[in-house]
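**Q**
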Amino acid sequence: MTKEQVRFPVDAGTEDYTDEPGRIQDAKWTAARVWRKSRFAIITIINLTVFFIAWELIARFGPFNQLVFPTFSDTMNSFKIGWFGGGNLEGFNNRLLADFVIVQNFMESLKLYSISMVISIGLGIPIGLMMGASKWVDAILSPYVWTLSSLPRIAIYPILVMMIGIAGSWSFFGIITLEDPIQYWVVILTAIFPVIINTWAGVKTTEQSLINAAKVFGASRTQLYLKVVLPYTLPFVVTGIQLSLSRGLIGVVLAEFLTGAQRLGGVGWLIFRSAAVFNAPLTYAALLSLAIFALVLVQGTRAMEARIAPWRQQTKA
Amino acid sequence: MSSGDGKPPLIVAENLTCGYELERERKLLTALTGISLTVDEGEFLVLVGPSGCGKTTFINVVAGIIKPWEGTITFDGKPIVGTGSDRAMVFQDYAILPWRTVEQNVLLPFELRDLNVSKEEAKQRAHKIIDDVGLAGFENSFPHELSGGMKQRVGIARAMVTQPRVLLADEPFGALDAMTREVLQRQLETLVMESKQTVIFITHSIDEAIALGDRIAVISNRPGRIREIVSVDMDRPRLAEGELTGHPDYGKLREHLWDLVKDEALGAKVDAA
C-alpha cells in the first residue's frame, strides 16, 4: 500500500478544489444593476423625504395646533441652533432655546451614559461569569439579580431618593466628580442586568460536548474556562451589552426626567422641560438628536457582534 | 485478532459497573453492569447496542472522564485515573471549537497538555495530519465554513495528531449522510490498516460494525451487559467494491447480529413505553 492511498481525499464533489478564486467578470453598470445594488438606500431616501414633507404639510394645514405639533422646518431650525449655534432667535419661540443648547445637554447626558455603561459592563460581566461558574455565587446572588431585573426599576426610585437624595455630588479622589449620583444609580440599575443575565446564560449553556472534548484532550479547570467557556460566552456578552446599551439609554432619559435640575440636565431633561414650556420645536429637535444617537449606537453594536462571532451568523440564518 | 501472540491486552475491564446521575429526577441510573472485556493492541473493537445501553458510558470510562462505580479497568496494566494523551476521542457531534480555525482546532491537544513537543513540531504534525485526512488548503477555514463530513475530518485529525495509543470513536459517522459516511468509513479502514491503530468504535449500524470491526461486542439493554462478542474473520480491506456484501460469511453474520440486536431494540421499546 502506497502512502498516497492512505491520504483522505476531500469530500466528494470538492475533489477539484484549488486555491484559485472563482472567475470574476466586470459587470456593466446598467440601470437594473444600480437599482439592485442600491435599492435600499434609494427607498430609504424617498421614504424619509415623503415622511418629512408630509410632516411639514400636516403641521401647516393639518388639524393640530403648531404650539404642540411644530413644522419640520421649525424643528430643523431649532436643531441647527441647538447644535451649531448662530441662529436668529428674533420672532421665534426662544424659551430654553439658545445657541448650542442641545450640544451642551447632549454632552451632559453622554457623561452620565458613558460612565454608567462602563460601570454596568465592567461589573456585569464578572458578576455574570462568577454566577455561571460557581453554584455558590449563583445561589447567593440569583434572588437579588432576578428580583431586581424583573422589577420595574422605576419602582425603587423613591428608595433611592430617600437613601441618596436628589442633588449633591460624589467626588472620587478629586479625579472625577459625579453630579446627581442618583442619576448614575438609576442608569446602572436599568442597564446592568442584561449584561449579568446574558453572561450567566452563556456560561450555563456552553455545549457539554465541547466541554467533554476539552476534558478528554486534557484541559484543566482553568483551561476549560479560558479556552472553551469564555470564548463560547463572548457572543452572549455582546448580546447582553447590546440590550444593556439600549436599556441604559432609557435609564438616562428616565433619570433626567426625574431629577433634572434647573441647569444643564441632559437631553432627557431638555425634552421634558422644553415640552413643559411649550417649546415644541426644541422638544422635537432634542428627540430627533436622541433618536439619531440611539440608531448609530444600535447599528454599531450589531456590526460589532458580526465581527466578534461570525459563526453565530451562520446558525442564526 | 485475539491475543494469540502472548502480549497482554492493552485494555482490561473486569466486572465493570457504571452509570450516571439524573440530576432532574435525583436518581442514579446504572448504565452498564458486569462488563468484562479486553482490547488488544492494534485491535478494532466495535460496540453495538440499542440507544441508552451504556456504550458511551463505557467509552467515557476508558477516556477517563467517568469513574467506574464497581470493578476495575486498566490501561497498559495500570488502572485508569483521569484522562491521558494516550487516549483520544472522536465525537458524534464533532465537538470542534467554532471560534478556532481547522489548524487551531487540531493544535488544541498540544495546547492543553505539555507533551514535550515544540511549537514547530506540533505545527508540522498538525499540517501532516490535516493533509492525511484530506483537509489540505482548509487550515485557515472556520468550522461553520465546512460540511459535516469535513468537520468530522477535523475531529479525526485532532484525535490522531498526538498519535494516541487508542482511538475512541463515539458514533463518529452517525450524523453524516450515507454517502459521506461510506467515504469516511473507507478512509478510516485504510488509515487504521496502515497505522495498526487500536480503536474502540461505537455504532448503531450493523453494516458499519461488520465493515470495520475485528470483533463486535453486542451490548444488551440498560443496564448494559455484553450479550455476545462476535469475531469478524474477513480479510481487509473489506470496503473495496463488493468485498463486504459479496463475502460468503456476510449474510450469516449480519443475520446473527441482527437477531441479537433486534431483541434488545424491541426490549428497549417496551421498556420505554
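In the order they appear, the protein sequences are chains A and B.
Number 84 in our numbering belongs to position 84 of the first sequence; there are no gaps in the numbering.
Numbers in our numbering are just positions in the second sequence, counted from 1, shifted up by 1000.
Even glycine gets a Cβ: it sits at the ideal position worked out from N, Cα and C.
(1) Can you check whether the CB of residue 1076 of chain B is closer than 8 Å to the CB of residue 1016 of chain B?
(2) Report the start-end ranges of each alpha helix (DSSP H) in the segment 1036 to 1109 of chain B that is 4 residues or longer and not cut off at the edges.
(3) Give a yes or no on whether the minimum CB-CB distance between residue 1093 of chain B and chain A is below 8 Å.
(4) Check whether the Cβ of residue 1047 of chain B lies closer than 8 Å to any Cβ atom in chain A.
(5) Which residues in chain B sit within 8 Å of residue 228 of chain A, going by Cβ to Cβ distance?
(6) Using 8 Å for Cβ pairs, my map puts residue 298 of chain A next to residue 246 of chain A. What's the rounded Cβ distance?
(7) Going by Cα to Cα distance, which pick from B:1236, B:1158 and B:1230 is closest to residue 1189 of chain B?
(8) Is it buried or exposed, residue 269 of chain A, if we count other Cβ atoms within 10 angstroms and call 16 or more buried?
(9) Taking only the alpha-carbon atoms, compute the straight-line gap between residue 1175 of chain B and residue 1183 of chain B and give it to the nearest angstrom.
(10) Go to residue 41 of chain A, then tell me how far its alpha helix (DSSP H) extends in each direction, as first and last residue.
(11) What residues in its chain sit with their C-beta under 7 Å from that of residue 1259 of chain B, if we drop five residues either side in the sequence?
(12) Can you tell me which of B:1200, B:1204 and B:1033 puts its alpha carbon nearest to the alpha carbon of residue 1214 of chain B?
(13) Which residues of chain A have a Cβ atom closer than 7 Å to the Cβ of residue 1085 of chain B, listed in chain order?
(14) Can you find the residues in the same chain that come closer than 6 Å, C-beta to C-beta, to residue 303 of chain A, ignoring five residues on each side of it along the sequence?
(15) Please identify the residue among A:41, A:239 and A:70 whose C-alpha is closest to the C-alpha of residue 52 of chain A.
(16) Nearest to residue 193 of chain A by alpha carbon, out of A:208, A:301, A:267 and A:129?
(17) Excluding the five sequence neighbours on either side, which residues of its own chain have a C-beta within less than 8 Å of the C-beta of residue 1081 of chain B, listed in chain order?
(18) Below 7 Å on C-beta distance, what does residue 1108 of chain B contact in chain A?
(19) Would you give the residue range spanned by the alpha helix (DSSP H) that residue 182 of chain A belongs to?
(20) Is the CB of residue 282 of chain A under 8 Å away from at least one CB in chain B?
(21) Against chain B, with Cβ distances strictly below 8 Å, would residue 198 of chain A count as a contact?
(22) To the nearest angstrom, how far is the alpha carbon of residue 227 of chain A from that of residue 256 of chain A?
(23) Taking only beta-carbon positions, decide if residue 223 of chain A is within less than 8 Å of chain D.
(24) Answer yes or no: do residue 1089 of chain B and residue 1129 of chain B have a C-beta to C-beta separation smaller than 8 Å?
(25) In the structure shown, what three-state DSSP assignment does residue 141 of chain A receive?
(26) Can you find at least 3 beta carbon pairs, one from the segment 1120 to 1140 of chain B and one from the segment 1101 to 1111 of chain B, that sit closer than 8 Å?
**A** Well, looking at it:
(1) no
(2) 1055 to 1063
(3) yes
(4) no
(5) 1097
(6) 6 Å
(7) B:1236
(8) buried
(9) 14 Å
(10) 31 to 61
(11) none
(12) B:1200
(13) 218
(14) none
(15) A:70
(16) A:129
(17) 1064
(18) 217
(19) 181 to 204
(20) no
(21) no
(22) 43 Å
(23) In the structure shown, chain D does not exist; the protein chains are A and B.
(24) no
(25) helix
(26) yes
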